[in-house]
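Residue numbers (this note's numbering): 10 to 585.
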């Protein structure tokens, strides 16, 4: 009874871009295609390519030294130092003249406004364009401007610097023309670190546009990014490089050519061993995008070594950062969604402790304080939806059946008096329990005498009226438990408790049945299965009520059985 989790990645408006400026002669030559660099290509899939990812505004707001959200870390995933923070915006230029004078003409005001606009250029992680408003529709970017940005990212003295220089025409631009250029990060009075970061942010934004992405790939951007990943000491630089790559691989028409770049796969996988939360988040986002593409095979094979999978599971079990958790779960869900990849990786993951790690993740979220849960309201939902996906896989569900800790956690969630306050979680929990019981019939006797659990299940009914899969799962659990109880010998005390429970909670059952009437002529196979589970429950309830009424009648307690007779009558009528 698997319901695929909804992974919402709301698209945002692009961050402002610097205005394109005149190109040098060599940049113009590269823009014209005379680069000598390998062309980007690769077979695309039928249908639309996946939309590039936009950094979430909550996750990629301007980073300041005082920021705390992204500095949340975990053992195994700890933030790097302050040198990775985005630069503070430059101070605005001082206005000339006395403050009491008002003779500044309009031309001077316009120049000053222009200077301020330049200084407001993005110094933070940019947002990729929304699907309905592509980058090409909102701004025009000179190809030579994009190439000049790539140039700024080249590590000094690296082999790629020579390769980039050899692939261009000599720069014959007049020095006076160069001094007239404005707007490029390299032309402003900023530190090399701030300049590199600003160029990286803009390229991240531009990489969301497929034409710009193709231009970048044809002009050695992958080689430049790889060199930075190999040599940079700054986690911020690595994060930017991974973010740019993450957007580039979202273009299906380019992903095959990107994946063929020598050393790319190994270098990206190595980033999983970093201890920086933001770098790890971008690495998992990149890997998820690749595994959704047509180039997934070689990447999945690169993840196979136990050392790599163990590191992934270690991060799963230790991370305390909500953003990183979201990216990890999206990555793992992508593995599950690809039949070939899951066939390749699921057994090694199970052997290395996937189920235990996910249970640990669930218990950690449940044990958080109310304030923490409020700040991380989506985290528990993510974990439970992922458990739904896992429990629908036969070999995983089978592994879950032998984990007493998991069963105890799930049962306690249903028994919790606070469950109605988190009704959205109830559906996921009953689906996971139902999937586990399908493969773990030996577990039914253990929970069949747990009346608080049975009562909790009945209380979930009004919380999932419109969720067909959750209703199916809930009724299937009830039917299995009641059939088990019906097959055992109940003493008078146990019979009293069951009869009291159904008499008190039968209104919930009645409301559910009357609100979900299905036309017999329009009965689907799923409806027929659900009807079968409900019928088994009503038969079992009738059995308990008949026995209890018979016992109480023999004792002359007619006044106490009126409600029980109503329950029995309703069940018999519903079954007829």
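Cβ atoms here follow ideal geometry from the backbone N, Cα and C, with glycine treated the same way.
Excluding its 5 nearest sequence neighbours in each direction, residue 504 has C-beta neighbours in its own chain below 8 Å: 553, 556, 557, 560, listed in chain order. Looking at the backbone, the Cα of residue 372 and that of residue 338 are separated by about 16 Å.
In the structure shown, residue 259 adopts coil according to DSSP, grouped into three states. With a beta-carbon spacing of about 14 Å, residue 443 and residue 492 fall beyond the 8 Å limit used to define contacts. The shortest CA-to-CA distance from residue 433 to any of 458, 448, 393 is the one to 393.
Between the stretch 500–517 and the stretch 446–453, the count of C-beta pairs closer than 8 Å stays below three; the two stretches do not touch. Here residue 272 carries a coil assignment [DSSP, helix/strand/coil]. Cβ-Cβ separation between residue 155 and residue 251: approximately 19 Å, too far for a contact (criterion under 8 Å). Between residue 370 and residue 322, the C-beta gap is not smaller than 8 Å, which leaves the two residues out of contact. Rounded to the nearest angstrom, the gap between the Cα atoms of residue 213 and residue 280 is 18 Å. In this structure, the alpha-carbon of residue 408 lies about 12 Å from that of residue 358.
When secondary structure is reduced to three states using DSSP, residue 362 falls in the coil class, being assigned neither helix nor strand.
Distances from the alpha-carbon of residue 153 to those of 203, 523, 227, 202 put 227 closest.
Per DSSP, the unbroken alpha helix (DSSP H) holding residue 480 starts and ends at 477–495.
The three-state secondary structure of residue 498, taken from DSSP, is coil.
DSSP, reduced to helix, strand and coil, places residue 229 outside both helices and strands of the structure shown, so it counts as coil. Distance from residue 400 to residue 441 at the Cβ level is roughly 5 Å; contact confirmed, criterion being Cβ atoms closer than 8 Å. The continuous alpha helix (DSSP H) containing residue 152 extends over residues 152–161. Considering only 379, 290, 389, 344, the residue with the shortest C-alpha distance to residue 306 is 344.
Taking a C-beta distance under 8 Å as the contact criterion, residue 311 and residue 350 do not qualify as a contact pair. Close CB contacts of residue 219 within its chain, under the 6 Å cut and outside five residues either way in sequence, are with 260 (chain order). By the 16-neighbour rule on beta-carbons within 10 angstroms, residue 282 is exposed. In this structure, DSSP gives residue 528 a state outside helix and strand, which the three-state scheme calls coil.
Judged by their CB atoms, residue 308 and residue 355 are not nearer to each other than the 8 Å cut-off. Taking the CA atoms as reference points, residue 584 sits about 40 Å from residue 346. The Cβ-Cβ distance between residue 546 and residue 496 does not fall below 8 Å. Residue 331 holds the alpha-carbon nearest to the alpha-carbon of residue 377 among 331, 582, 562.
Rounded to whole angstroms, the Cβ separation of residue 417 and residue 462 is 11 Å, and the two are not in contact under 8 Å. In the three-state reduction of the DSSP assignment, residue 572 falls in the helix class. Taking the C-beta atoms as reference points, residue 334 is found no nearer than 8 Å to residue 419.
A residue is called buried once 16 or more other Cβ atoms fall within 10 Å of its Cβ, and residue 328 is buried on that count.
Our two residues, residue 151 and residue 388, have alpha carbons roughly 42 Å apart in a direct line.
The residue among 268, 562, 209 with its C-alpha nearest the C-alpha of residue 244 is 209.
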